[in-house]
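Read the structure below first, then the notes.
Protein chains in written order, with this note's numbering: chain F, 17 to 424; chain S, 17 to 424.
In structure tokens, the structure reads:
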């Protein structure tokens, strides 16, 4: 029923089916000194249902202020995005520039600016070069196509410090009709003053009500993009958008709704994990699962503590099965753990059981940790029903070098 | 009125006056492979007032369980401490070993074991070598003296990965009588599986009631040891003890009480900052001050976010006046900030004012950041009365190397 396609620009377009009702474009307008693509357009053939989840940082960039006000909506017709400049901490001028980007797209499509959403990522504290932006939007508009190639161009155009673009798709059959979900994302950490914001745009041809879209994107984000950490730093621009064209002519009942939600969660998680794997300097991805907490919120808080711990991260970098760091990181959480019932599995091997270290061959386990990029960490903290998953990158000297060698 | 003496074993003993009523010893018993000092004793001439503050980690080492149960108290007569082994995650055996350490000291002093407190720091998950410990306690007991030299030996004997011991003193005159406060501390971060726990023992000859001692040590700890971060990881063994002999024959009234508290806070802060400066791989110490928050708790939470941010830490490592990372780290806090009233001073220079970047010479400011080990960061987040200070080390490749290169 589901089909996963990993992010590989070269092979992805061979197998990719686009959701009906969308066209894409990504071009270069010179915002990036490298000359790489930096303006993306996603345009729907008609007004579609749209919902968004935005950064929880209190310092909020102008494009977030703009888009947040417009969602949820049943009449969105385009998303315009640029990389190379985040339009954050740019004052009133930034607010006006974000509005001008929407206005230009609205004019080209002959729709209202409230039907256009906007995303930006890149340098902060610098006003947009609106001449380049205007040329870029014109160029992208002239280049819109409903093809995998153009979708991948758009995915490239939202990247900043990413080593590769992040895309994922799911196909599922609901009431005999094939439905497509297709997403792009970006994010790798932050390199000052570029904020490598986390952005994602997910398109589908299922039919969703405003309420359905809003609830589904929130649920899927909570399970995925809100469960990842590279450096624990929520950017000023983080945005996840879900656009549903309805062109598959399929609506959801209670049963198919939960199937669709599951596929959406799965696709969001795939994109989220690609971000962690592309984390600055990351060698390994920690796949953390916390079980037995009092409730899911407690489990989440404990998982977050382990995920953010510099000492755990560096232990993973060194392929060191260091139960002391992991268990004591969990003990630092405000959420309650039961020390006597705390146990830890690393790469499937129990190394700490009910409050005491277990016997294990450290050299063998260290070898096992080295052999896969994903290192599974399963931590039981009691007898409760609460559970949570979390993905985090390790911490390498390359990370530190990337982040201190920059000089303004 | 106050006299600060920085931690330097060679010059410190020239100027040091010990509080009346205490003897000290620090010797090597072979717990540390290096052969360095690893058992310390602090013994009072008679029962004294004692109060303690202990780790907030939920995974608690045996010596913490033991000492926590005994304080506050008006009849403590000794503190026994060892380094090289934290006696943490050591089960029932660990609990018995901690009790045996107290029992041995109690026997030697002919007092009750409840009058003896115990501290441990070092490797976790390994039971103590009690034969060495017993020899060490005997040796230390035979070597107790009320001299600066022996105090410094004790300060050395509680160190693990510390590059130097941490000591500080204050003398003050209350109602015509000179009163001494003398403290030792240790802590530098964690090198697995050694937990370089934060320990401190502060002795004074002022007379304190149980209630006074308890309140004063809590207040001073909240202002100091609870405001520092090397790696954001609270160890299983953290302990701060205050012992007051009363031998200066001075009690405190309301006025002198606040003077004494101020000196105590100051001494605690000096010890705390020594820990941050000795933080693993640390090049710089960030001295963070948050102003204008809704209340002090909010200010503390915001300061902690800035202090813990990998991106802020690496910016400081690179002497990069990166307002974007600092301001957006503050924006990540749950505590409310007012973005329009947020301003930032770095090394005395305003680089962000009321929500917008200010004009400044980045190269000049970067040079200024390089010129001192302490980098002052003053962040205003609104018009409230809340304020907080926090000290944190930067994040260097040396930190990462220290923490991943270990192999079990």
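Each residue gets a CB set at the ideal place from its N, CA and C atoms; glycine is no exception.
**Message:** Measuring only the C-alpha atoms, how far is residue 106/S from residue 294/S?
**Reply:** For the purposes of this step, residue 106/S is identified with residue 90 of the second chain, where counting begins at 1. For the purposes of this step, residue 294/S is identified with residue 278 of the second chain, where counting begins at 1. Going by the C-alpha atoms only, they are around 28 Å apart.
**Message:** Below 8 Å, how does it come out for the region 167-183 of chain F and the region 245-265 of chain F: are there three or more Cβ pairs, yes or no?
**Reply:** Verdict: no, contact absent.
**Asked** If we count the other Cβ atoms within 10 Å of its Cβ and call it buried at 16 or more, is residue 210/S buried or exposed?
**Response** Position 194 of the second chain, counted from the start, is the residue given in the question as residue 210/S. Residue placement at residue 210/S is flagged as unreliable, the pLDDT there being 42, under the threshold of 50; a coordinate-derived value is accordingly withheld.
**Prompt:** Within the 9 Å Cβ cut-off, does residue 339/S reach chain F?
**Reply:** Stepping through the second chain from its first residue, residue 339/S is reached at position 323. Yes, residue 339/S counts as interfacial toward chain F.
**Prompt:** Residues in its own chain within less than 7 Å of residue 331/S by CB, not counting five upstream and five downstream?
**Reply:** One-based indexing of the second chain puts residue 331/S at position 315. So the qualifying residues of the chain are 338, 341.
**Request:** Output, in chain order, the set of chain F residues within a Cβ distance shorter than 9 Å of residue 161/S.
**Result:** Residue numbering aside, residue 161/S sits at position 145 when the second chain is read from its first letter. Correct list: empty, because the minimum Cβ distance to chain F is about 36 Å.
**Item:** As assigned by DSSP and simplified to three states, the class of residue 219/F
**Value:** Counting from one through the first chain, the residue named residue 219/F turns up at place 203. Taken through DSSP and simplified to helix, strand or coil, residue 219/F comes out as strand.
**Prompt:** What are the residues of the region 236-252 of chain S that lie near chain F, defined by any Cβ-Cβ distance shorter than 8 Å?
**Reply:** The region 236-252 of chain S vs chain F, Cβ under 8 Å: 247, 248, 249, 250, 251, 252.
**Message:** Using a Cβ-Cβ distance cut-off of 9 Å, determine whether residue 393/S contacts chain F.
**Reply:** Sequence index remark: in the second chain, residue 393/S carries index 377 (1-based). No, residue 393/S lies away from the interface with chain F (no Cβ there is under 9 Å from its Cβ).
**Prompt:** For residue 234/S, which of helix, strand or coil comes out of DSSP?
**Reply:** Working through the second chain from its first residue, we reach residue 234/S at position 218. Helix.
**Request:** Measuring only between beta-carbons, confirm whether residue 104/F sits less than 9 Å from chain S.
**Result:** Here residue 104/F refers to the residue found at position 88 when the first chain is read from its first residue. Cβ-Cβ to chain S under 9 Å: yes for residue 104/F.
**Message:** According to DSSP, is residue 266/F part of a helix, a strand, or is it coil?
**Reply:** Here residue 266/F refers to the residue found at position 250 when the first chain is read from its first residue. It is coil, neither helix nor strand.
**Asked** Quick one: any contact between the region 150-162 of chain S and the region 131-141 of chain S, if contact means 3 or more CB pairs under 8 Å?
**Response** The region 150-162 of chain S vs the region 131-141 of chain S: no contact.
**Request:** From the DSSP output, read off the bridge partner residues of residue 302/S.
**Result:** Here the question's residue 302/S lines up with position 286 in the second chain. According to DSSP, residue 302/S shares a beta bridge with 391/S, 408/S.
**Request:** For residue 256/F, return the contacting residues in chain S, with the cut-off set at a CB-CB distance below 7 Å.
**Result:** Residue 256/F sits at position 240 when you count from the first residue of the first chain. Near residue 256/F there are no residues of chain S at all, since even the closest Cβ is about 17 Å away, more than 7 Å.
**Prompt:** For the region 243-294 of chain S, which segments carrying the alpha helix (DSSP H) assignment without a break, of at least 4 residues, lie completely within its bounds, in sequence order?
**Reply:** Secondary structure within the region 243-294 of chain S: the alpha helix (DSSP H) runs of 4 or more consecutive residues, fully enclosed, are 270-293 (chain order).
**Asked** Among all the DSSP beta bridges, which residues are the ones paired with residue 372/S?
**Response** As a first step, residue 372/S must be located in the second chain, where it is residue number 356. Under DSSP, residue 372/S shares a beta bridge with 369/S.
**Request:** Sort 232/F, 219/F, 275/F, 152/F by Cα distance to residue 190/F and report the nearest one.
**Result:** In the first chain, counting from the first residue as 1, residue 190/F sits at position 174. Minimum Cα distance to residue 190/F is reached at 275/F.
**Request:** Please report the Cβ distance between residue 323/S and residue 408/S, rounded to the nearest whole angstrom; I am assuming they are in contact, meaning their Cβ atoms lie under 8 Å.
**Result:** On the second chain, position 307 is the one that residue 323/S refers to. On the second chain, position 392 is the one that residue 408/S refers to. Correct: roughly 4 Å between the Cβ atoms.
**Prompt:** Given that a residue counts as buried once 16 or more other Cβ atoms are within 10 Å of its Cβ, and exposed if not, what is residue 326/F?
**Reply:** Position 310 of the first chain, counting from 1, holds the residue named residue 326/F. That one is buried.
**Asked** Under 9 Å between C-beta atoms, does residue 415/F make it to chain S?
**Response** Numbered from its first residue, the first chain carries residue 415/F at position 399. Under the Cβ distance rule, residue 415/F counts among the residues neighbouring chain S, one pair being separated by less than 9 Å.
**Request:** Answer with yes or no whether the minimum CB distance from residue 363/F to chain S is below 9 Å.
**Result:** Numbered from 1 along the first chain, position 347 holds the residue referred to as residue 363/F. False, the Cβ-Cβ gap to chain S never drops below 9 Å.
**Item:** Reference residue 369/S; option with closest CA among 380/S, 355/S, 377/S
**Value:** Residue numbering aside, residue 369/S sits at position 353 when the second chain is read from its first letter. Considering only 380/S, 355/S, 377/S, the residue with the shortest C-alpha distance to residue 369/S is 355/S.
**Request:** Would you be able to state if there are at least three C-beta pairs under 8 Å between the region 398-405 of chain F and the region 307-316 of chain F?
**Result:** With a cut-off of 8 Å, the region 398-405 of chain F and the region 307-316 of chain F count as touching, because enough Cβ pairs lie within range.
**Request:** Out of 93/S, 102/S, 113/S, 97/S, point me to the one whose CA is closest to residue 126/S's CA.
**Result:** The residue given as residue 126/S occupies position 110 in the second chain. The shortest C-alpha separation from residue 126/S is found at 93/S.
**DSSP state of residue 338/S mapped onto helix, strand, coil** = Locating residue 338/S in the second chain gives position 322, where the first residue counts as 1. Here residue 338/S sits in coil by DSSP.
**Item:** Closer than 8 Å at the beta carbon, the chain F residues around residue 343/S
**Value:** Here residue 343/S corresponds to residue number 327 of the second chain, with the count starting at 1. The contacting residues are 75, 105.
**Prompt:** Of all Cβ atoms in chain F, is any one closer than 9 Å to the Cβ of residue 225/S?
**Reply:** Walking along the second chain from the start, residue 225/S turns up at place 209. No, no contact with chain F.
**Message:** With a threshold of 9 Å between beta-carbons, can residue 285/S be considered close to chain F, or not?
**Reply:** On the second chain, residue 285/S is found 269 positions in, with the first residue counted as 1. When Cβ-Cβ separations below 9 Å define contact, residue 285/S makes no contact with chain F.
**Request:** Determine the direct distance from the alpha carbon of residue 149/F to that of residue 47/F, and round the result to whole angstroms.
**Result:** Here residue 47/F refers to the residue found at position 31 of the first chain. Here residue 149/F refers to the residue found at position 133 of the first chain. Across the structure, residue 47/F and residue 149/F are spaced so that their CA atoms are roughly 8 Å apart.
**Under 9 Å between C-beta atoms of residue 173/F and residue 55/F** = Locating residue 173/F in the first chain gives position 157, counting from the first residue. Locating residue 55/F in the first chain gives position 39, counting from the first residue. For residue 173/F and residue 55/F, yes; Cβs fall inside 9 Å.
**Request:** List the residues that DSSP assigns as beta-bridge partners of residue 186/F.
**Result:** By 1-based counting over the first chain, the position of residue 186/F is 170. Residue 186/F is bridged to 197/F.
**Request:** Report yes or no: do the region 378-385 of chain S and the region 282-298 of chain S share at least 3 C-beta pairs separated by less than 8 Å?
**Result:** With the cut-off at 8 Å, the region 378-385 of chain S and the region 282-298 of chain S do not touch.
**Asked** Roughly how many whole angstroms lie between the Cα atoms of residue 343/F and residue 363/F?
**Response** For the purposes of this step, residue 343/F is taken as the residue at position 327 of the first chain. For the purposes of this step, residue 363/F is taken as the residue at position 347 of the first chain. Going from the Cα of residue 343/F to the Cα of residue 363/F covers about 15 Å.
**Prompt:** Checking contacts by CB at 9 Å: is residue 211/S closer than that to chain F?
**Reply:** As a working mapping, residue 211/S is identified with position 195 in the second chain. With a pLDDT of 45 at residue 211/S, under the threshold of 50, the predicted position of this residue should be treated as unreliable, though the coordinate-derived value follows. Taking Cβ atoms only, chain F reaches closer than 9 Å to residue 211/S, which makes this a yes.
**Message:** Below 7 Å on C-beta distance, what does residue 140/S contact in chain F?
**Reply:** What you label residue 140/S is simply residue 124 of the second chain in a count that begins at 1. Per Cβ cutoff of 7 Å: 340.
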